Amino acid sequence: MNDAPEYGETWVYESIVGALPGVNIGEAGAIALQIAVFEVAVLVFAWVYDLWAAAVAGTAAIVVAAAGSVVMLRMGEWTRAARVPAPYRRLLFGSSIEVVLGVLAFVALVTHLFVFDPRQPGTPLMTTLFGPEPPVVVVYLTLLVLWDLCYRIGTSWWAAVVGLWGAVRYRFDGPTAKTVRRVNLLNVGFAVAQVLLLPFVADQPVLLLAVGGHVVAVTVVSVTAAALTRT
């Protein structure tokens, strides 16, 4: 019997990993592979182009993205195992809105890095990290890591919103309510993990406000959802 979740009941990230033919490395293997591929690439390019300061920032982003992967997998697993109403599950997973939010976050970040920031007084962040003529392959890897991070941030947004909606809309049995609260508090944990990024944008007011505001907003919404979850 195949106990794998059906399409439409998973995050897009889970669907991609699960749909790869002939690949069955498990959750831990997928996350380890994610960290290894990105971190090895960061270290190799840091050595080749002497970009060790940028490597520290890149490593922090990889760690946060990996934490997001763990959180996504656990939230998906716990939610599917709980007896939440079907509309709750469809809204959380089937809508794929976390991808839309991730795209919006990524486009906003790229616009900031390549359009807004260079027009401000002082040295742009990309120049600070990679010099006046950033290597093309390094920029490619940077954008790939940033997309990975933005997708998980978009998922965190969506999980917070759906969690609050579900807490207001539904009553759950005791075990389900406990699981839903755990999911919301796990989302808070991922938001707090993103504090690791703040030192790298401390001199970037817009990014500092965006990341800090996101952490606060997700924390407030998810804690409120956990508190309002009823039986």
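Anchor point for the sequence shown: position 23 equals 121 in our numbering, and the numbering is continuous, going up by one each time. No residue lacks a Cβ here, since even glycine has one placed at the ideal position from N, Cα and C. Model, not experiment: these values are computed from the prediction.
Item: Which residue marks the beginning of the alpha helix (DSSP H) containing Gly192, and which one marks its end?; Value: Careful: Gly192 lies outside any alpha helix (DSSP H) and carries neither H nor E.
Item: I need the straight-line Cα distance from Ala152 to Leu326, nearest angstrom please.; Value: 42 Å
Item: With Gly174 as the anchor, note down where its alpha helix (DSSP H) starts and where it stops.; Value: Trp150 to Ala179
Item: Among Cys248, Phe214 and Asn282, which one has its Cα closest to the Cα of Leu202?; Value: Cys248
Item: For the candidate residues Ser254, Ala265, Ala300 and Arg280, whose alpha-carbon lies nearest to that of Ser194?; Value: Ser254
Item: Could you tell me which residues DSSP pairs with Arg269 in its beta bridges?; Value: Arg328
Item: Just the C-alpha distance for Gly252 and Gly287, rounded to the nearest angstrom, thanks.; Value: 15 Å
Item: My assumption, with CB atoms under 8 Å, is that Gly166 sits in contact with Arg250. Please give the rounded CB distance.; Value: 3 Å
Item: Answer with buried or exposed for Gly200, where buried requires no fewer than 16 other C-beta atoms within 10 angstroms of its C-beta.; Value: buried
Item: Straight-line CA distance for Tyr238 to Val197?; Value: 20 Å
Item: Are the CB atoms of Leu190 and Val260 within a distance shorter than 8 Å?; Value: yes
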